[in-house]
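Protein chains in written order, with my numbering: chain W, 127 to 625; chain R, -16 to 287; chain H, 3 to 269.
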């Protein structure tokens, strides 16, 4: 009788209740702790184990996660978050406002090696967190700051486990406890990470029983595994993005762009016509054709098209070698020679450098390529001196959900900040400040549109491309989100394996 | 005998100190440092500076070395910068995989090289011998990483006989082929030298059957120098393992070492270098002791 | 010369060919090795005898320019290792005593490192380029030569011609360089030849891992690095540079072996 019942209920489900999803990880996990980790592999695991106060939907709007609602005070200084009351940690303890305050206080603690600390300090003053009652927490800002909500998506840590412990070496980082849809089981170094379903998850018990994250550092190896079915998803290199049996292919935009940045304090690039000439000399179509087999979009603006702040009304330097030569002549520049820095190990950028070298050669400009190890490159461009020791660099930005790009373009962020090219325009400075104060989305969009136009007129970067995310998922996997920058596995609790 | 072993052990200490000193200073010649490795350029430089202090990286290098040495004496090699795990734990987690790969390769190399070397020596000048010479030279000329790529291409991708990662057959095959030629040639040379000795000629003159001459007398004596040779080839075997593990994604110590090098993970680099060097030094020590046990001339020389 | 050793002869011919191709590369190469032609990942054809790579560059041209790089690295690396090795070996073997002890201990230490790992570590610390690759390979492969030279000196310094030279008042330096060293050269020459073979293999391994010669400057090793992602799509990118390495190293081994036989008549 029971057996019959079980059979019938099994048939009623259109998914396999014991389904195990196998995802690929591109490298080792460092620490499974959102406050400490800086690499994408660890955040992939953290994404299914922890929750933040808010998360993003497929359009990159902020939606409730652990906070069911929030409001900002009139003066923009106090953010009040009302927390859900039905959330429990994986060990059964209840989630409360104390956990939230604990998490942010930990980040702000200078003894903890969290690189996120800077996100919670505005103009040198830290954000203060206050517990109002068991399920209400407030963030008190030193000044109005609309990008704050991004920092509110930080994964929350359990106070009852970590209070008083030293976070950096803690065993917690290898055996994390969170509130998320999946519970951590094990990490076998060099091989895999395994998590299992959290039946008490606040948004409902996940359809998947387990997720196995297989560590496969080589993308070609991962592709072979996808083809043979030993993994269910992986990123696909552009040259292999062709139909694969039993696999669904997805192509979507990400919040990234790659560019060639000029050291604006160098006499070689102080004339805007030189910078514009080099921008016109780049044949983005050829670049994208050779590196990505056409699977990327040419970039002309410091904002990715998929962001709500994107504006198409910018000065576009579309390929025109003739115009490039003329501009150089007008600027009175002959035999321009410079060195570009590229980070070692990033094949796309190395190839781009080789191709740009040839493209610039056609307009009579000699570009030398210097490949540097990543930390060595960072040391040069982040050095606190003026002028810095480089001519140009090929690098990229991951622009984050909030379009605020203060740290990249504001004149105060040089030489000790991300504005390592030394860009300085008082009008842009004003617009950056205004964008942070303005609380309405429409208002901010208007401000940023004007700003992007201003920046592109100056050509401080040669914007190169917006990469596409190319992924393949085996068709036994269902419940995926719509392809978009939030990813296909955004609502991981809804993902399932078909029968 | 005991004095001999004791002396050798004592000679180890300056060796180990020298190894660790050189490695430590090489590591700290770096223009970048581990904090700059946080692969997110949006992290503010003040945060990185703070972490440097937390990690003790602001102290002068020589002070850092002595701190490391003090801890190392207690077998505390610190914590990995990437994972926060104790270095010894990380190394021992990966050690079995490398040991497995190396032992199987070692064993297979011996299995093939001794008979081939002996037969080549016995049949010196024959077709077999000449063929062996050419083939062994070819094997020595093949870069091991290229062989790995070709094997991956043919056996994994084209024929699909083996998965590109997780199997031990392909990495083993590459290591064996790379290491085979040297040892086989050495075995041949050693056997040739033994065969020319007086006592062999005497044995033949006494009318002993040929196979007894070869297998009872010559072979055993020819194996003695092989012991030393094996010890000497340890550094290369380890080195080869490093690259091959990386290509075949074999989760061993070699891959840990290579990625630690790329990420400036000083504690792990120090740990692996010292560990490997210690293994090599011990390997040679065992070889020397074994040699001394077997060859009485060495022991008598010590007594002088 | 031993013409009867056919292997050595063919080795010599191959080496000579490679060197000529390398020296005259700018004249012989049909294309600029960095020039991008739209037809990328093209199989070998009449226009491109070894095909094109992922960025549309002619592989044959890159191969011979790469030969310039790989061969010059080998030559200079060996020069460095010979210099260091001979110097240390001379001092150690001639003077003996404490100097000998110290130098030999240092040699032992260097020999205990898994060499490739040490080189990797050093290269990751510097910014790899063709110059420091040469120096680093040379600086980690002198040990065998030092021991060899020391051995020769130990054997030779008690001989009569040395006594005679000292008797007529030759300075130590003169005795070392004018009298003993020339007589100990033969095995060193053999070691040098084999050293070149080893240097080619090491440089290609380094460049393959990205810690050697940096692209876009071609070297046989970094051409193999580029070929990794295209194993199935463009196997010629991987097969051809590898074969060239095997050919070059093999030729060096044949020549070295012939030299060794020539200088060791007892075999």
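Glycine included, each C-beta is placed from N, C-alpha and C at the ideal position. If you're wondering where the values come from, they're calculated on a predicted model, not measured in any experiment.
Considering only C-alpha positions, which residue in the set 244(R), 275(R), 154(R) is nearest to residue 228(R)?
Numbered from 1 along the second chain, position 245 holds the residue referred to as residue 228(R). Nearest of 244(R), 275(R), 154(R) to residue 228(R), Cα basis: 154(R).
Positions along the region 213 to 242 of chain R whose CB lies within less than 9 Å of some CB in chain H
For the region 213 to 242 of chain R, which is checked against every Cβ of chain H, the residues closer than 9 Å are 215, 217, 218, 219, 220, 221, 222, 223, 224, 225, 226, 229, 230, 237, 240, 241.
Going by the DSSP bridge assignment, what does residue 624(W) pair with across the sheet?
The sequence position of residue 624(W) within the first chain is 498, counting from 1. Beta-bridge annotation (DSSP): residue 624(W) is paired with 141(W).
Give the straight-line distance between the Cα atoms of residue 160(W) and residue 282(W), rounded to the nearest whole angstrom.
Locating residue 160(W) in the first chain gives position 34, counting from the first residue. Locating residue 282(W) in the first chain gives position 156, counting from the first residue. Looking at the two C-alpha atoms, the distance is approximately 8 Å.
Meets three-Cβ-pair contact criterion under 8 Å: the region 292 to 303 of chain W and the region 204 to 211 of chain W:
Judged by Cβ distances under 8 Å, the region 292 to 303 of chain W makes no contact with the region 204 to 211 of chain W, as fewer than three pairs qualify.
In terms of residues, what are the limits of the beta strand (DSSP E) holding residue 388(W)?
Here residue 388(W) refers to the residue found at position 262 when the first chain is read from its first residue. Note, residue 388(W): beta strand (DSSP E), 382 to 388.
CB-CB under 6 Å to residue 148(H), same chain, minus the five flanking residues each way: which ones, in chain order?
Here the question's residue 148(H) lines up with position 146 in the third chain. Apart from the 5 residues on each side of it in sequence, residue 148(H) sits with its Cβ closer than 6 Å to the Cβ of 87, 90, 91, 109 in its chain, given in chain order.
Reduced DSSP secondary structure (H/G/I, E/B, other) of residue 154(R)
By 1-based counting over the second chain, the position of residue 154(R) is 171. The three-state reading of DSSP puts residue 154(R) in helix, counting H, G and I together.
What separation, rounded to the nearest whole angstrom, lies between the Cα atoms of residue 312(W) and residue 86(R)?
Here residue 312(W) refers to the residue found at position 186 of the first chain. Here residue 86(R) refers to the residue found at position 103 of the second chain. Whole-angstrom Cα-Cα distance: 29 Å.
Taking only three categories from DSSP, how would you classify residue 372(W)?
Counted from its first residue, the first chain places residue 372(W) at position 246. Residue 372(W): coil per DSSP, three-state reduction.
Can you name the residues of chain R whose CB is closer than 9 Å to the CB of residue 517(W)?
On the first chain, position 391 is the one that residue 517(W) refers to. At a beta-carbon threshold of 9 Å, none of the residues of chain R lie near residue 517(W); the nearest stands roughly 18 Å away.
N-terminal and C-terminal residue of the beta strand (DSSP E) that residue 193(W) is part of
Translated into the one-based positions of the first chain, residue 193(W) becomes position 67. It spans 193 to 198 - the beta strand (DSSP E) in which residue 193(W) sits, taken as one unbroken run.
Looking at residue 107(H): is its Cβ nearer than 8 Å to the Cβ of residue 192(H)?
By 1-based counting over the third chain, the position of residue 107(H) is 105. By 1-based counting over the third chain, the position of residue 192(H) is 190. The answer is no: Cβ separation not under 8 Å.
Measure the alpha-carbon distance for residue 77(H) versus residue 198(H) and round it to whole angstroms.
Numbered from its first residue, the third chain carries residue 77(H) at position 75. Numbered from its first residue, the third chain carries residue 198(H) at position 196. Residue 77(H) and residue 198(H): Cα-Cα distance of roughly 6 Å.
Chain R within 8 Å of residue 118(H), Cβ atoms only
What you label residue 118(H) is simply residue 116 of the third chain in a count that begins at 1. For residue 118(H), the answer is yes, since a Cβ of chain R falls inside 8 Å of its Cβ.
Which term fits residue 465(W), buried or exposed, when burial requires 16 or more other beta carbons within 10 angstroms of its beta carbon?
As a first step, residue 465(W) is located in the first chain; it is residue number 339 there, counting from the start. Classification of residue 465(W): exposed, given that the 10 Å Cβ count is below 16.
Just checking, does the region 68 to 84 of chain H make contact with the region 219 to 226 of chain H on the three C-beta pairs under 8 Å criterion?
Counting C-beta pairs with one atom in each stretch, the region 68 to 84 of chain H and the region 219 to 226 of chain H have three or more that are closer than 8 Å, which means they touch.
Counting only beta-carbon atoms, is residue 37(H) nearer than 8 Å to chain W?
Residue mapping note: residue 37(H) aligns to position 35 of the third chain, counting from 1. Between residue 37(H) and chain W, the shortest Cβ-Cβ separation is below 8 Å.
Is residue 481(W) close to chain H? Criterion is C-beta to C-beta, closer than 8 Å.
Numbered from 1 along the first chain, position 355 holds the residue referred to as residue 481(W). Yes, contact with chain H.
Under 8 Å from the C-beta of residue 114(R): neighbouring residues of chain H
Within the second chain, numbered from 1, the residue matching residue 114(R) stands at position 131. Simply none; closest approach about 12 Å.
Under 9 Å by beta carbon: chain W residues contacting residue 217(H)
Taking the third chain and counting its residues from 1, the one referred to as residue 217(H) is at position 215. Result: 476, 477, 479, 480, 495, 497.
Give every residue of the same chain whose Cβ lies closer than 7 Å to the Cβ of residue 244(R), excluding the five residues on either side of it in the sequence, and list them in chain order.
To locate residue 244(R), count along the second chain from 1; it is residue 261. Here the set comprises 252.
Just mark residue 63(R) as buried or exposed, buried being the case when its beta carbon has 16 or more other beta carbons within 10 Å.
For the purposes of this step, residue 63(R) is identified with residue 80 of the second chain, where counting begins at 1. That one is buried.
Beta-carbon of residue 156(W) versus every beta-carbon of chain R: anything under 8 Å?
As a working note, residue 156(W) is residue 30 in the first chain. Yes, its Cβ sits closer than 8 Å to a Cβ of chain R.
Can you find the residues in the same chain that come closer than 6 Å, C-beta to C-beta, to residue 267(R), ignoring five residues on each side of it along the sequence?
Here residue 267(R) refers to the residue found at position 284 when the second chain is read from its first residue. Excluding its 5 nearest sequence neighbours in each direction, residue 267(R) has C-beta neighbours in its own chain below 6 Å: 214, listed in chain order.
Beta-carbon proximity list for residue 79(H), same chain, < 6 Å, skipping 5 on both sides
By 1-based counting over the third chain, the position of residue 79(H) is 77. Once the five neighbours on either side are set aside, the close Cβ partners of residue 79(H) are 136, 139, 140, 201.
Flag this pair as yes or no: are the beta carbons of residue 433(W) and residue 325(W) separated by less than 8 Å?
Position 307 of the first chain, counted from the first residue, corresponds to residue 433(W). Position 199 of the first chain, counted from the first residue, corresponds to residue 325(W). Not a contact, by the Cβ cut-off of 8 Å.
Within-8 Å CB hit, residue 369(W) to chain H
Taking the first chain and counting its residues from 1, one reaches residue 369(W) at position 243. False, the Cβ-Cβ gap to chain H never drops below 8 Å.
Run through the region 247 to 304 of chain W for me and flag every whole beta strand (DSSP E) of 3 or more residues, listed as ranges in chain order.
Those beta strand (DSSP E) runs which fall completely within the region 247 to 304 of chain W and span 3+ residues are 254 to 259, 262 to 266.
Taking just the CA atoms, how far does residue 399(W) sit from residue 560(W)?
Taking the first chain and counting its residues from 1, the one referred to as residue 560(W) is at position 434. Taking the first chain and counting its residues from 1, the one referred to as residue 399(W) is at position 273. When rounded, the distance between both Cα atoms is 29 Å.
I believe residue 373(W) touches residue 598(W) by the beta-carbon criterion, under 8 Å. Please report the beta-carbon distance rounded to the nearest angstrom.
Looking up residue 373(W) in the first chain gives position 247. Looking up residue 598(W) in the first chain gives position 472. Right, the Cβ-Cβ distance comes to about 5 Å (below 8 Å), so this counts as a contact.
Residue 208(W): first and last residue of the uninterrupted beta strand (DSSP E) it sits in:
Within the first chain, numbered from 1, the residue matching residue 208(W) stands at position 82. Counted as a single uninterrupted DSSP element, the beta strand (DSSP E) harbouring residue 208(W) occupies residues 204 to 209.
Over the uninterrupted beta strand (DSSP E) stretch that includes residue 523(W), give me the two end residues.
Position 397 of the first chain, counting from 1, holds the residue named residue 523(W). Under the DSSP assignment, residue 523(W) falls in the beta strand (DSSP E) whose first and last residues are 518 to 524.
By DSSP, does residue 22(R) sit in helix, in strand, or in coil?
Here the question's residue 22(R) lines up with position 39 in the second chain. At residue 22(R), the pLDDT of 47 sits below 50, so the modelled position is not reliable and the matter cannot be decided from this model.
So if I threshold CB-CB distances at 9 Å, which residues from the region 249 to 283 of chain R count as touching chain H?
Contacts with chain H (Cβ-Cβ distance below 9 Å) from the region 249 to 283 of chain R involve 252, 255, 256, 259, 260, 261, 263, 264, 267, listed in chain order.
C-alpha gap between residue 195(W) and residue 508(W), whole angstroms:
Locating residue 195(W) in the first chain gives position 69, where the first residue counts as 1. Locating residue 508(W) in the first chain gives position 382, where the first residue counts as 1. One Cα belongs to residue 195(W), the other to residue 508(W), and the distance between them is close to 39 Å.
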